[in-house]
Structure formats: structure tokens, C-alpha cells
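Before any comments, here is the structure.
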Amino acid sequence: MLRQTFQQTAISAALLLALTACDSSTHSNEGKPQPIHEHPKVENAGRLVLSTVGSNSVYIYDIKDKKQIGSFDAQLPTHSIYASPDRRYALLFQRVDNQVRFIDGGLWQEDHGDHLHDYQQNPLLSAFIVKGPAPTHYEVHARQAAIFFDGVASPLQPSSVSVLTDASITQAKVSASLQLPLNMHGTAEPRGTHLLTTFRPADASNTLPTQVEWYQQNGDSFTLKERFSEQCPGLHGSYSVKDYSLFGCTDGVLVVQQKAGEFSAVKLPNPVGMTGRIGTITGHKTLTQTIGFAGQDMYLIDPVALTMTKLDWRQGSTATRTAYAFSGDGDYLAQLDNSGKLVVQDVAAGYAIKATLQLLTGFETANPPVIAVNNQNDEIYVTDPTQKQLHRVDLKTMASSILPLEFTPAKMTWLGIAKPAP
């Protein structure tokens with residue numbers, strides 16, 4: 124197992140690009156440039172960034188070579204790991220310590236006008252850190268990401284939002300930020316030069332928001348445009364598709380529609396017979412309909428037709444959801460239940476169950492399995508903490524294999540050059 128610690132930062136990586144410009148298709152360890160104007164594709168299946176239990180270490184696993192290629196001391200515990208919008212960087216949420224760190228996965232692509240140029244280099248731990256009280260929710264839409272910092276009640280540290288892109292992370296800065304008046308357990312949806320985020324009145328009984336606000340970006344800050352009058356009590360969970368952003372409420376889903384530079388909001392009430400409420404919303408960038416989870420129940424939410432339809436993913440069992448993810452192209456939804464069984468649904472077939480696969484024999488609830496999605500194909504990766512391994516599953520063929528690890532995995536994300544959108 125390699126235990127290299129790379130000390131260069133993402134800023135030095137940007138300097139390397141500036142110096143080498145377009146003289147090679149990959150900036151590899153050996154530094155052997157390709158002839159000018161020849162731009163072969165980087166043949167790499169991507170890299171997984173994984174944290175481990177009881178340690179501040181973060182590991183980089185190369186999928187093609189099936190081995191660990193580096194490790195970093197993140198210095199503080201990592202609460203969760205996410206990918207940047209273009210999947211070059213891993214964001215390490217160190218929630219308890221009020222900051223987010225970044226790892227450059229070393230694989231990315233640039234549009235050079237007449238060609239798409241692939242780059243490959245060693246992973247790097249960046250010196251760039253975004254600080255703020257309790258970073259929690261993270262949402263990505265249209266090559267932008269928003270980090271929502273919950274803040275602290277006493278002494279008051281208000282909530283805030285930081286919007287980033289891969290380009291801004293490379294420059295070691297955020298694109299824009301917003302300071303809110305109070306703390307809350309909120310969320311934010313970036314939509315180009317607009318931002319939708321949450322509002323909580325000062326006399327609220329808890330830290331959950333009750334309304335959604337629309338902000339306009341001005342340089343590196345935001346100006347309030349409107350607080351929608353539609354109420355969203357107990358707001359929790361959000362997701363954006365092309366023309367809509369959806370927010371979970373105790374009494375339904377707030378649907379915010381964007382038409383050019385204007386926004387409007389309408390409430391989609393909970394259907395008759397729903398137990399609980401929508402508290403998590405997910406989807407895929409190629410789809411208009413989204414999925415809402417009300418406890419273990421699953422609903423198909425159509426923001427155009429304003430309908431909410433219950434779907435059966437448990438086939439009458441009492442299974443509970445442990446992890447879930449859409450495939451890279453949005454063709455499949457995979458859900459891992461508490462027995463270690465993977466349930467795969469076919470999106471085009473109305474989320475009919477395509478297949479099930481018993482992957483894990485058991486796991487500890489303190490460190491449950493997580494799923495990472497390969498955005499080049501139909502593969503997903505599922506952590507198996509009790510066996511110190513990963514399960515690699517092709518959702519199209521349901522073929523699976525095991526990738527052994529030398530540590531106990533915890534959180535995980537995939538980085539790499541994604542398959543071009545159709």
C-alpha cells in the first residue's frame with residue numbers, strides 16, 4: 124500500500140497548467156509531453172476518495188489500476204465527502220470543526236475550443252479551506268455547488284451560503300457568498316446568477332426554515348429579490364432540475380419554477396394517505412421528475428404536472444433504506460437496504476424493479492455502507508466496512524466484483540472525467 128503524502132496545492136496545479144499550456148495531453152508523474160496538437164484521451168476509470176473510521180486519513184483509490192495511489196492527513200475528522208460539480212475535486216466536510224477542505228483528484232477536462240483536452244496528474248491536498256459554522260447540506264446544479272452552513276444558536280453564528288465552481292476552487296476562492304440573519308438547518312439551490320435559499324423567522328419553534336427566498340448574484344455577493352409567500356413549514360431537503368427547484372415541507376413540496384430570470388412558487392400538497400412527510404429529494408440532471416422520500420416510502424414527484432405518486436421499492440417487505448444513488452446517465456436508481464440487498468429500478472420503465480442483488484452480509488449502523496457513482500458508465504461502488512472492501516456493480520448487467528482495501532472505509536465519492544452528456 125502506498126502511503127504518499129502530496130504537499131502541493133491546487134494553486135500549484137493551476138500554475139503547472141499555465142506553464143505547460145497545450146503541449147501535452149496528460150501531465151503525468153513522468154512528465155513526458157506528447158507532441159503539440161495531439162490530444163489523446165486519458166484512459167482512466169476515475170478515482171475514489173475515501174475516509175476511514177477513527178482516523179483523519181483520506182485515501183485515493185485508482186479504479187483502473189485497482190489500488191490505492193495516495194493518502195492524506197486531513198488533520199481533522201471528515202463528516203462527509205462530496206464531489207465538485209465537474210468532479211475534479213473532493214470536498215471534505217469537517218462539520219464539527221466548521222470547515223470544508225479540498226482534494227484535487229488529478230483528473231479533469233478543459234474545453235479548448237476545437238477539442239476537449241484531458242489532464243491527469245497525482246492527487247493533491249489543497250491548502251484552500253472554506254470556513255463557516257457547521258457546513259451541512261450540499262447541493263449541485265448546472266456546474267455550480269452551494270454549501271449551506273447551519274450556524275450556531277448560542278452565541279449566535281448566523282447561517283451562510285458559499286457558491287463554488289471547479290474554476291473557483293482551482294483559484295482557491297468561492298464564486299459568491301451570502302450571510303443570513305439567523306442560524307437554521309437550511310439548504311440552498313444555485314441557479315446560474317440566482318440563488319434559492321431558506322428563511323426562518325426569529326420566533327420559530329425550531330431551527331427548520333419555513334419559507335424560501337430568491338436572491339440575485341451581484342459580483343461575489345447576493346441581493347434579496349423576493350421571499351415567496353407560500354409557506355413551507357418544517358422545510359427539509361431540496362433538489363433542482365432544469366426549470367424547477369423543489370423543497371420538502373411537512374405538508375407537501377414547494378415547487379419553485381424558473382422562467383428566464385423570473386421565479387414563482389406553488390405548493391404541491393401531500394397526497395391522501397401519506398405517512399410522514401417528504402424530507403429528502405433526489406434526482407438526475409437529465410430528468411424532470413424527481414424522487415422524494417417520506418421515511419421509507421418513495422414518491423415520484425412531477426413538478427410540471429404537480430403530481431406525487433407512491434412507488435413500491437420494498438416489494439411488501441419491511442426493509443429500510445441505507446443508501447441510494449442514480450446511475451451516471453440517470454437510467455437506474457439503486458437503493459441498498461438494511462439487509463445488504465441492492466434494489467435496482469429502471470427509470471424508463473416507471474421505476475419498475477429491474478433486479479436485486481445480495482451484496483453485504485451485515486454492517487454496523489454506526490458506519491453504514493455508502494454508494495459512489497461512476498459518471499463514465501453504469502457502475503456504482505458500495506463500501507463494505509466490515510470486510511474492508513468495495514463492491515463494484517454494473518447496474519446494466521448486474522455483474523459484480525470485489526475491490527479489496529487495506530483500511531475500513533467510511534465516506535466516499537467518485538472523481539474523474541465524466542461521460543459527455545447526450
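The sequence shown begins at 124 in the numbering used here and counts up one residue at a time.
Every residue, glycine too, gets a C-beta built ideally from N, C-alpha and C.
Within 8 Å, strictly: CB atoms of residue i and residue j
i: Ile-183; j: Val-165; result: no
i: Ala-257; j: Arg-218; result: yes
i: Ile-414; j: Gly-371; result: no
i: Asp-237; j: Ala-299; result: no
i: Gly-451; j: Asn-500; result: yes
i: Ser-277; j: Leu-303; result: no
i: Gly-424; j: Trp-231; result: As written in the sequence, residue 424 is Ile, which differs from the Gly given in the question. Contact: no.
i: Leu-518; j: Gly-169; result: no
i: Leu-513; j: Thr-506; result: yes
Euclidean distance between Cα positions of residue i and residue j
i: Ser-363; j: Leu-287; result: 16 Å
i: Ala-417; j: Asp-289; result: 33 Å
i: Asp-469; j: Leu-391; result: 25 Å
i: Phe-449; j: Arg-515; result: 15 Å
i: Asn-242; j: Thr-330; result: Contrary to the premise, residue 242 reads as Tyr rather than Asn in this sequence. The alpha-carbon atoms of Tyr-242 and Thr-330 are separated by roughly 44 Å.
i: Gly-102; j: Pro-281; result: This structure cannot settle anything about residue 102, because the visible part of the chain is limited to 124 through 545.
i: Ala-206; j: Asp-435; result: 30 Å
i: Asp-454; j: Asp-366; result: 20 Å
i: Val-181; j: Leu-410; result: 33 Å
i: Val-176; j: Gln-198; result: 14 Å
i: Thr-430; j: Arg-350; result: 24 Å
i: His-235; j: Ile-192; result: 29 Å
i: Lys-115; j: Asn-498; result: Residue 115 is absent from the model: the chain starts at 124 and stops at 545.
i: Ala-522; j: Glu-502; result: 9 Å
i: Ala-311; j: Thr-259; result: 11 Å
i: Asn-221; j: Tyr-261; result: 14 Å
i: Thr-201; j: Asn-179; result: 7 Å
i: Gln-419; j: Leu-318; result: 30 Å
i: Gln-591; j: Thr-509; result: Only positions 124 to 545 of the chain appear in the structure, and residue 591 is not among them; the question remains open.
i: Val-395; j: Lys-433; result: 11 Å
i: Ala-457; j: Tyr-422; result: 15 Å
i: Thr-403; j: Ser-174; result: 24 Å
i: Asn-167; j: Asp-185; result: 8 Å
i: Thr-405; j: Ser-361; result: 8 Å
i: Ser-320; j: Phe-345; result: As written in the sequence, residue 320 is Thr, which differs from the Ser given in the question. Spanning the two alpha carbons is a distance of roughly 11 Å.
i: Gly-384; j: Leu-369; result: 17 Å
Neighbourhood of residue i by C-beta, 6 Å cutoff - its chain only, sequence neighbours within 5 removed
i: Thr-316; result: Gln-340
i: Thr-479; result: Lys-464 and Val-466
i: Ser-285; result: Val-253, Ile-270, Val-297 and Ser-300
i: Pro-543; result: none
i: Val-263; result: Pro-208
i: Gly-274; result: Pro-256, Gln-280, Pro-281, Ser-282 and Asn-306
Spatially closest choice to residue i from the options, by CA coordinates
i: Leu-483; options: Asn-245, Pro-491 and Gln-222; result: Pro-491
i: Tyr-504; options: Ala-495, Gln-510, Lys-511 and Gln-512; result: Ala-495
i: Ala-327; options: Asp-343, Arg-350 and His-308; result: His-308
i: Val-378; options: Thr-175, Trp-537 and Val-427; result: Val-427
i: Val-376; options: Arg-350, Thr-346, Ala-383 and Val-335; result: Val-335
i: Tyr-447; options: Thr-441, Gly-485 and His-407; result: His-407
i: Gln-412; options: Asp-420, Val-395, Tyr-474 and Ala-383; result: Tyr-474
i: Phe-195; options: His-264, Pro-208, Leu-215 and Asp-188; result: Leu-215
i: Pro-532; options: Phe-486, Thr-409, Leu-538 and Pro-246; result: Phe-486
i: Leu-526; options: Lys-189, Ser-440, Pro-332 and Gln-458; result: Lys-189
i: Ala-355; options: Thr-333, Leu-369, Glu-349 and Gly-274; result: In the sequence as presented, Ala is not what sits at residue 355; that position holds Cys. Here the closest residue by C-alpha is Thr-333.
i: Lys-511; options: Gly-229, Ile-204, Phe-530 and Arg-323; result: Phe-530
i: Leu-459; options: Ala-472, Ala-471 and Ile-476; result: Ile-476
i: Ile-204; options: Thr-520, Thr-445, Ala-383 and Val-493; result: Val-493
i: Ala-489; options: Thr-445, Phe-322, Thr-520 and Ser-440; result: Thr-445
Expected contact under 8 Å - CB spacing of residue i and residue j to nearest Å
i: Pro-313; j: Gln-267; result: 4 Å
Own chain residues within Cβ distance below 7 Å of residue i, not counting five before or after
i: Ser-462; result: Ala-442
i: Leu-347; result: Glu-336 and Tyr-338
i: Glu-353; result: Leu-377, Ala-388, Val-389 and Lys-390
i: Asp-374; result: Pro-356, Pro-392 and Asn-393
Proximity test, Cβ basis, 8 Å: residue i and chain D
i: Leu-410; result: No chain D is part of this structure, which consists of one protein chain only.
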